[in-house]
Every structure is written in C-alpha cells, then in structure tokens.
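S.K.: In our numbering, the protein residues as written are 83 to 279.
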Amino acid sequence: MKVVRLPAIHHDGNAVIISGRLGSLLIDAGTSWYQSLQVERIRGQLGEKTLDRIALTTRRYPCSGGAKHISESFGNIPVHIHGEGQAALETGDFFTTWANRYDSDMPPTQTTAIEDNEIFALGDGDVKAIWLPGHAPEGMGYMIPHLETLVVGPLLPRADRPTRWDLPGGSLIDLIESFETIKRLQPTSIVPLQGPA
C-alpha cells in the first residue's frame, strides 16, 4: 500500500492518496481553484493505476470544492461524505460549505453517504471511516490502521492553529468528543487540514 500526502496549495486542504492492490482512494479534493492541477498531481502519483473514489472529511470548500471535477476526470467516480453533508454538496450551497468566504461558487456535486466505521478494502490494507463531528456535523476522519495514521481534515487545521466550531453546524461539545475519540484511537500520525503530519 502506498500513502502520499499532496501538500495543500494556497487555501486548499491537504489531499491524501491511498493506493493498494485492489484500488485507490483520495481523501479530500481541495478547492476548485486548482482542480486541474490536482488531477495532474494525482495522475503523477498513480502512474498506470486509476482513482476509484473520493472520501471527504467535510463539506467545507477547502476540502470539497474540487471533488466534482476530480470525480469527472476519473470517469465519474463516487464522492463519499457523511449523510449530514450530502445536501450541501448536492445543491452547491455556498454558505455552509464556506465557498462564499473564498469568493467562489460551490460546484453541485453528487455524493454517496458514508457511515461511521465503514471500511474501504484496498487489498494490502484498509481505510476505516471514523465520524468526527465538531467543526461540522458531517466531519469524518479516515484511519489507516496498519500505519496508525489518521487523516482528519479541518478538525485539526494545522499543528500551530486551533480548531474551530464557530462555522455553520459547528459544536464545541461534539468537537471535544471527537478529540476524545482520537485519543482512544491512539494514532502515531495525524494528517491535518494543512501542513505536515
């Protein structure tokens, strides 16, 4: 299994490619600003392989804005998000996705609901979806158990920046519970929204 963090560009969130014998998965897509560049970065890492699906940590624009374009570029692959975030993405809601804060439109994006503890089997390793609300009600993390690595998106913006719960749908109570969940998982590496693990 190969895991590659594509460092965030400008306002984009980190994107993580996980490829195994049975398929490849992208966690978070970045904004729509650099979506074509993001496709080329992904293709450069996958070589002859193709991307099979996208899993989002949240509806927020820095993570989801490029999902539609990337999905279409790889043959309309499924875009997964917790059910709480589906309506915002499918209608192109520019308020709760925060696309308006970036003076951007939110591309309406067809999605597939993902559940807490859902497993993506990639052949030589798995990726487990973990529900981590707080910054948003649909917040998800993705655990790579054999590497003890957790990708959390905006739940942890950067190692040197505090998290936020003052955005649409945010909850301090849920945020605290999500950090308790992370402590119980005991990852050795956490990939935040931006910056290194």
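Virtual Cβ for every residue (Gly too), placed ideally from N, Cα, C.
Since the structure is predicted, the reported quantities are computational estimates derived from the model, not experimental observations.
Terminal residues of the continuous beta strand (DSSP E) containing Thr231?
M.R.: It spans 231 to 235 - the beta strand (DSSP E) in which Thr231 sits, taken as one unbroken run.
S.K.: Excluding the five sequence neighbours on either side, which residues of its own chain have a C-beta within less than 7 Å of the C-beta of His228, listed in chain order?
M.R.: Excluding residues within five positions, the ones whose Cβ falls inside 7 Å are Gly207.
S.K.: With respect to the beta strand (DSSP E) encompassing Asp256, which residues constitute its N-terminal and C-terminal limits?
M.R.: Taken as a continuous stretch (DSSP letters only), Asp256 belongs to no beta strand (DSSP E), being part of the alpha helix (DSSP H) at 254 to 267.
S.K.: When the Cα atoms are used, what is the spatial distance from Arg246 to Leu237?
M.R.: Going by the C-alpha atoms only, they are around 8 Å apart.
S.K.: State whether the stretch 112 to 122 contacts the stretch 204 to 218, with contact taken as three or more CB pairs (one from each stretch) at a distance under 8 Å.
M.R.: The answer is no - the stretch 204 to 218 does not touch the stretch 112 to 122, with fewer than three Cβ pairs under 8 Å.
S.K.: Given a cut-off of 8 Å on the beta-carbon distance, is the pair Ile100 and Leu204 in contact?
M.R.: Their beta carbons are under 8 Å apart, which means Ile100 touches Leu204 by this criterion.
S.K.: Which residue wins for smallest C-alpha separation from His180, given the options Gly129, Gln117, Asp94?
M.R.: The residue asked about is misnamed: residue 180 is Trp in this sequence, not His. Ranking Gly129, Gln117, Asp94 by Cα distance to Trp180 puts Asp94 first.
S.K.: If you run the structure through DSSP and keep just helix, strand and coil, what is Arg141?
M.R.: DSSP places Arg141 in coil when its eight states are reduced to three.
S.K.: Whose CA, out of Leu107, Val85, Arg142, lies closest to the CA of Ile152?
M.R.: Among Leu107, Val85, Arg142, the Cα nearest to that of Ile152 belongs to Leu107.
S.K.: Our contact map puts Phe202 next to Met188 with C-beta atoms below 8 Å; I'd like the distance itself, whole angstroms only.
M.R.: That belief does not hold up - the Cβ atoms of Phe202 and Met188 are roughly 25 Å apart, past 8 Å.
S.K.: Please state the DSSP three-state secondary structure of Pro274.
M.R.: In the structure shown, Pro274 sits in a strand (DSSP, three-state: E or B).
S.K.: Which residues share a DSSP beta bridge with His164?
M.R.: Partner(s): Ile196.
S.K.: Tell me the DSSP secondary structure of Ser153 in three-state form.
M.R.: In this structure, Ser153 counts as helix in the three-state DSSP scheme.
S.K.: How should Lys150 be labelled, buried or exposed, when 16 other C-beta atoms within 10 angstroms of its C-beta is the threshold for buried?
M.R.: Label assigned to Lys150: buried.
S.K.: Using only alpha-carbon positions, find the residue among Met225, Gln268, Glu220 that is nearest to Ser253.
M.R.: Nearest of Met225, Gln268, Glu220 to Ser253, Cα basis: Glu220.
S.K.: Can you name the start and end residues of the beta strand (DSSP E) that Ile91 belongs to?
M.R.: From DSSP, Ile91 is part of no beta strand (DSSP E); its letter is neither H nor E.
S.K.: In this structure, does DSSP put Leu107 in helix, strand or coil?
M.R.: Leu107 falls in the strand class under three-state DSSP.
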